[in-house]
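Trainee: Sending over a structure as structure tokens; questions will come in a sec.
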Amino acid sequence: MRELILGGARSGKSGYAEQRAQKSGLEVVYIATAEACDQEMGARIALHRQRRPADWLTLEEPLALADTLRAHAQAERCILIDCLTLWLSNLLTLGEDRFKCEREALLRTLPSLPGQLLFVSNEVGQGIVPMNALARRFVDEAGYLHQDLAQLCERVTWVVAGLPQVLKG
Amino acid sequence: MRELILGGARSGKSGYAEQRAQKSGLEVVYIATAEACDQEMGARIALHRQRRPADWLTLEEPLALADTLRAHAQAERCILIDCLTLWLSNLLTLGEDRFKCEREALLRTLPSLPGQLLFVSNEVGQGIVPMNALARRFVDEAGYLHQDLAQLCERVTWVVAGLPQVLKG
Amino acid sequence: MRELILGGARSGKSGYAEQRAQKSGLEVVYIATAEACDQEMGARIALHRQRRPADWLTLEEPLALADTLRAHAQAERCILIDCLTLWLSNLLTLGEDRFKCEREALLRTLPSLPGQLLFVSNEVGQGIVPMNALARRFVDEAGYLHQDLAQLCERVTWVVAGLPQVLKG
């Protein structure tokens, strides 16, 4: 079962995804796409890490998501990917070729992966259109990615104030 | 039947509106409010245009929306207006008088128009309040317009990740 | 009964909260957290004020919300607090200590307050992550506060285009 979990900043989407993983009863693999580039990011990562059960396997993968998923997805496993927006941002920084290649690979790989998959991603497109061209590109690509993933996921959930709302499934 | 279709940037709101128009079985008139002022906008417009069926009549009207609707609305037609936020932005650039006049005209005209009407508009008010006073004004006017139109429409839909959620109707 | 009413800028959340207060049939106390620091804010406050019934008691309290609620909450009263995001912003400007103290006090006080309580707050986390560190902090704290309050409220409502959607309750 594939689930896309969307929500704004600090909406509780990660917490909800972690509950879903916990309740799956499966072995949990957590894929973190964040890199601790600065102090603020380091603190955010530490906070997320504290909250996670000690028996979860944590992998850090900022770029090669499709490869990592293929290597670790198994019928009796739940893989939680947190979050797609950072992965997208990491890729867009590296340039068009790498971005297109990884994006394609993810969408192509997804339908055949076994086990449970939980994708967490930020809703970023409901504010004012950013002045900065790169930010605008990022908003566009996040939106397109969410649309494509929503098609491939059996369940799509939108989290507001910690309250999950089922959009699909 | 009047429908307001709201969604963030790249939420799939235009695609959903186009499906609704297609499924109406009526003759479709597409009113584009965008003007190709720069390359980025030109590319966005071209992308939208490619997706639309060849037998739709396309009109470009960045300002005089009420007049255009009065001239083209017919019982056996579906008119798709994409999008109101650009129209609003075009008007606010021209100054208060024109803005007020066109806004009033739209709201006054709407209830008596025959046929099906699909209004697409961007949700822009769920991010941080912009520092720029004009942007703040734009967010305010988009919000007020959505509230007024939601009253006049039989159906209001909110699109996230390509998934339409009915808010009214 | 405690209700949290969330919505974007100009989503109609205040208008909805005022309807809820009106329909409660209870004596209404309105707590405004805004201060008229500049002309724009003054105009927004005046607009809100005009809309409110003359028999509502209005209190202005930009900071000490828990104290004010304790002093005025009564079984036969409905207290409308508009809005929490401004209160949060006022507190964050004053520094960490005051912020933590008032935030804690509100969450601790809330469960034991009698009567009806309506909290209005802005959704600010669904746009692009702001560049400015203070704005980012504000988005974070707004999100965390909404999550905590949503737990303590029997009802949580999200308003779009003036249309209330029940998220909880």
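Chains as they are written, first to last, in UniProt numbering: chain X, 1 to 169; chain B, 1 to 169; chain D, 1 to 169.
Backbone N, C-alpha and C fix where the C-beta goes; we use that ideal spot for every residue, glycine too.
Which residue or residues does DSSP assign as beta-bridge partners of Asn-90 (chain X)?
Mentor: One-based indexing of the first sequence puts residue 90 (chain X) at position 90. BP columns for Asn-90 (chain X) are empty, so no partner.
Trainee: Would you say Ile-79 (chain B) faces chain X, with C-beta separation under 8 angstroms as the test?
Mentor: Locating residue 79 (chain B) in the second sequence gives position 79, where the first residue counts as 1. No - not a single Cβ of chain X is within 8 angstroms of the one on Ile-79 (chain B).
Trainee: Rounded to a whole number of angstroms, what is the C-alpha to C-alpha distance between Thr-93 (chain X) and Asp-97 (chain D)?
Mentor: Here the question's residue 93 (chain X) lines up with position 93 in the first sequence. Here the question's residue 97 (chain D) lines up with position 97 in the third sequence. Their Cα atoms are separated by approximately 38 angstroms.
Trainee: Please check the pair Glu-61 (chain D) and Thr-33 (chain D), which I expect to be a contact at CB under 8 angstroms, by giving their CB distance rounded to whole angstroms.
Mentor: Start at 1 with the first residue of the third sequence, and residue 61 (chain D) comes out as number 61. Start at 1 with the first residue of the third sequence, and residue 33 (chain D) comes out as number 33. The pair is a contact, with the Cβ atoms about 6 angstroms apart (cut-off 8 angstroms).
Trainee: Assuming Ala-105 (chain B) and Ala-66 (chain B) make a contact with CB atoms under 8 angstroms, what is their CB distance in whole Å?
Mentor: Position 105 of the second sequence, counted from the first residue, corresponds to residue 105 (chain B). Position 66 of the second sequence, counted from the first residue, corresponds to residue 66 (chain B). The pair is a contact, with the Cβ atoms about 4 angstroms apart (cut-off 8 angstroms).
Trainee: Who are the neighbours of Tyr-16 (chain X) on chain B, taking C-beta pairs under 8 angstroms?
Mentor: Counting from one through the first sequence, the residue named residue 16 (chain X) turns up at place 16. The contacting residues do not exist; Tyr-16 (chain X) stays about 16 angstroms from chain B at best.
Trainee: If you reduce the DSSP assignment to three classes, tell me which class Thr-85 (chain X) lands in.
Mentor: By one-based count along the first sequence, residue 85 (chain X) stands at place 85. Thr-85 (chain X) falls in the helix class under three-state DSSP.
Trainee: CA-CA distance, Cys-153 (chain X) and Gln-39 (chain X)?
Mentor: What you label residue 153 (chain X) is simply residue 153 of the first sequence in a count that begins at 1. What you label residue 39 (chain X) is simply residue 39 of the first sequence in a count that begins at 1. Whole-angstrom Cα-Cα distance: 34 angstroms.
Trainee: Taking only beta-carbon atoms, is Asp-140 (chain X) less than 8 angstroms away from chain B?
Mentor: Taking the first residue of the first sequence as 1, we reach residue 140 (chain X) at position 140. Interface residue, yes.
Trainee: Whole angstroms are fine: how far does the CA of Ala-71 (chain X) sit from the CA of Thr-58 (chain X)?
Mentor: As a first step, residue 58 (chain X) must be located in the first sequence, where it is residue number 58. As a first step, residue 71 (chain X) must be located in the first sequence, where it is residue number 71. So the two alpha carbons sit approximately 14 angstroms from each other.
Trainee: What separation, rounded to the nearest whole angstrom, lies between the Cα atoms of Ser-14 (chain D) and Val-120 (chain D)?
Mentor: Stepping through the third sequence from its first residue, residue 14 (chain D) is reached at position 14. Stepping through the third sequence from its first residue, residue 120 (chain D) is reached at position 120. Between Ser-14 (chain D) and Val-120 (chain D), the C-alpha separation is close to 7 angstroms.
Trainee: Give the straight-line distance between the Cα atoms of Glu-3 (chain D) and Cys-83 (chain X), rounded to the nearest whole angstrom.
Mentor: Counted from its first residue, the third sequence places residue 3 (chain D) at position 3. Counted from its first residue, the first sequence places residue 83 (chain X) at position 83. So the two alpha carbons sit approximately 31 angstroms from each other.
Trainee: State yes or no: is the beta carbon of Glu-123 (chain B) nearer than 8 angstroms to at least one beta carbon in chain X?
Mentor: Numbered from 1 along the second sequence, position 123 holds the residue referred to as residue 123 (chain B). Yes, its Cβ sits closer than 8 angstroms to a Cβ of chain X.
Trainee: Tell me the start and end of each unbroken alpha helix (DSSP H) in the region 31 to 87 of chain B that is at least 4 residues and wholly inside, in chain order.
Mentor: Taking only runs of at least 4 residues, the alpha helix (DSSP H) segments lying wholly in the region 31 to 87 of chain B are 39 to 51, 65 to 72.
Trainee: To the nearest angstrom, how far is the alpha carbon of Ala-142 (chain D) from that of Val-124 (chain B)?
Mentor: Numbered from 1 along the third sequence, position 142 holds the residue referred to as residue 142 (chain D). Numbered from 1 along the second sequence, position 124 holds the residue referred to as residue 124 (chain B). Taking the straight line joining both Cα atoms gives about 18 angstroms.
Trainee: Establish whether the CB of Leu-86 (chain B) and some CB of chain D are separated by less than 8 angstroms.
Mentor: Here residue 86 (chain B) refers to the residue found at position 86 of the second sequence. For Leu-86 (chain B), the answer is no, since every Cβ of chain D falls outside 8 angstroms of its Cβ.
Trainee: Output, in chain order, the set of chain D residues within a Cβ distance shorter than 9 angstroms of Ala-150 (chain B).
Mentor: By one-based count along the second sequence, residue 150 (chain B) stands at place 150. Result: Gly-12, Val-160, Ala-161, Gly-162, Leu-163.
Trainee: In whole angstroms, what separates the C-alpha of Gly-115 (chain X) from that of Val-166 (chain X)?
Mentor: Locating residue 115 (chain X) in the first sequence gives position 115, counting from the first residue. Locating residue 166 (chain X) in the first sequence gives position 166, counting from the first residue. Cα-Cα distance, rounded: 21 angstroms.
Trainee: Check whether the Cβ atoms of Val-159 (chain D) and Tyr-30 (chain D) sit closer than 8 angstroms, and answer yes or no.
Mentor: Residue numbering aside, residue 159 (chain D) sits at position 159 when the third sequence is read from its first letter. Residue numbering aside, residue 30 (chain D) sits at position 30 when the third sequence is read from its first letter. No; because the gap between Cβ atoms is not below 8 angstroms, this pair is not in contact.
Trainee: Give every residue of the same chain whose Cβ lies closer than 6 angstroms to the Cβ of Arg-20 (chain X), excluding the five residues on either side of it in the sequence, and list them in chain order.
Mentor: Counting from 1 along the first sequence, the entry for residue 20 (chain X) is found at position 20. Excluding sequence neighbours, Arg-20 (chain X) sits near Leu-118.
Trainee: Answer yes or no: do Gly-12 (chain B) and Ala-161 (chain B) have a C-beta to C-beta separation smaller than 8 angstroms?
Mentor: The residue labelled residue 12 (chain B) in the question sits at position 12 within the second sequence. The residue labelled residue 161 (chain B) in the question sits at position 161 within the second sequence. Result yes, Cβ atoms of Gly-12 (chain B) and Ala-161 (chain B) sit closer than 8 angstroms.
Trainee: Any idea what DSSP makes of Gln-126 (chain B), helix, strand or coil?
Mentor: Within the second sequence, residue 126 (chain B) is the residue found at index 126, counting from 1. Note: Gln-126 (chain B) maps to coil in three-state DSSP.
Trainee: Can you tell which of X:Arg-44, X:His-48, X:Cys-37, X:Met-1 has its C-alpha closest to the C-alpha of Glu-18 (chain X)?
Mentor: In the first sequence, the residue the question calls residue 18 (chain X) occupies position 18. Residue X:His-48 is the option with its Cα nearest to Glu-18 (chain X).
Trainee: Any C-beta of chain B within less than 7 angstroms: which residues of the region 107 to 131 of chain D qualify?
Mentor: So the list reads Glu-123, Val-124, Gln-126, Gly-127, Ile-128, Pro-130, given in the order they occur along the chain.
Trainee: Using DSSP bridges, identify the partner residues of Pro-164 (chain D).
Mentor: In the third sequence, residue 164 (chain D) corresponds to position 164, counting from 1. For Pro-164 (chain D), which the question treats as bridged, DSSP gives the partners D:Val-159.
Trainee: What number of angstroms, rounded off, separates the C-alpha of Leu-91 (chain D) from the C-alpha of Gln-50 (chain X)?
Mentor: Numbered from its first residue, the third sequence carries residue 91 (chain D) at position 91. Numbered from its first residue, the first sequence carries residue 50 (chain X) at position 50. Taking the straight line from one Cα to the other gives about 27 angstroms.
Trainee: For Ser-121 (chain B), which beta-bridge partners are listed by DSSP?
Mentor: The sequence position of residue 121 (chain B) within the second sequence is 121, counting from 1. For Ser-121 (chain B), which the question treats as bridged, DSSP gives the partners B:Leu-6.
Trainee: Less than 8 angstroms between the C-beta atoms of Cys-78 (chain B) and Val-156 (chain B), yes or no?
Mentor: As a working note, residue 78 (chain B) is residue 78 in the second sequence. As a working note, residue 156 (chain B) is residue 156 in the second sequence. It is not a contact, given that the beta carbons lie outside the stated cut-off.
Trainee: Using a beta-carbon distance below 8 angstroms, is Val-166 (chain X) in contact with chain B?
Mentor: In the first sequence, counting from the first residue as 1, residue 166 (chain X) sits at position 166. By this cut-off, Val-166 (chain X) is not an interface position.
Trainee: Please go through the same chain and pick out, in chain order, the residues whose beta-carbon is closer than 7 angstroms to the beta-carbon of Phe-99 (chain B), but skip the five residues on each side of it.
Mentor: As a working note, residue 99 (chain B) is residue 99 in the second sequence. Same-chain partners within the cutoff: Leu-91, Leu-92.
Trainee: Can you give me the start and stop residues for the alpha helix (DSSP H) that Cys-101 (chain B) sits inside?
Mentor: Counting from 1 along the second sequence, the entry for residue 101 (chain B) is found at position 101. Run containing Cys-101 (chain B): 96 to 109, per the alpha helix (DSSP H) assignment.
Trainee: Using a Cβ cut-off of 8 angstroms (strictly closer), state whether His-146 (chain B) contacts chain D.
Mentor: As a working note, residue 146 (chain B) is residue 146 in the second sequence. With 8 angstroms as the cut-off, His-146 (chain B) counts as an interface residue toward chain D.
Trainee: Drop a sphere of 10 angstroms on the beta-carbon of Glu-102 (chain B), count the other beta-carbons inside from all chains shown, and report buried for 16 or more, exposed for fewer.
Mentor: The count along the second sequence starts at 1 and reaches residue 102 (chain B) at position 102. With 16 or more Cβ atoms within 10 Å of its Cβ, Glu-102 (chain B) is classed as buried.
Trainee: Counting only beta-carbon atoms, is Gly-8 (chain D) nearer than 8 angstroms to chain B?
Mentor: Position 8 of the third sequence, counted from the first residue, corresponds to residue 8 (chain D). Yes - at least one Cβ of chain B is within 8 angstroms of the one on Gly-8 (chain D).
Trainee: Answer with buried or exposed for Ala-95 (chain B), where buried requires no fewer than 16 other C-beta atoms within 10 angstroms of its C-beta.
Mentor: Your numbering for residue 95 (chain B) matches position 95 in the second sequence. Here residue 95 (chain B) turns out to be Gly, not Ala, going by the sequence shown. Exposed, by the Cβ-count rule.
Trainee: Do Ala-9 (chain D) and Asp-55 (chain B) have their CB atoms nearer than 8 angstroms?
Mentor: Residue numbering aside, residue 9 (chain D) sits at position 9 when the third sequence is read from its first letter. Residue numbering aside, residue 55 (chain B) sits at position 55 when the second sequence is read from its first letter. Their beta carbons are not under 8 angstroms apart, which means Ala-9 (chain D) does not touch Asp-55 (chain B) by this criterion.
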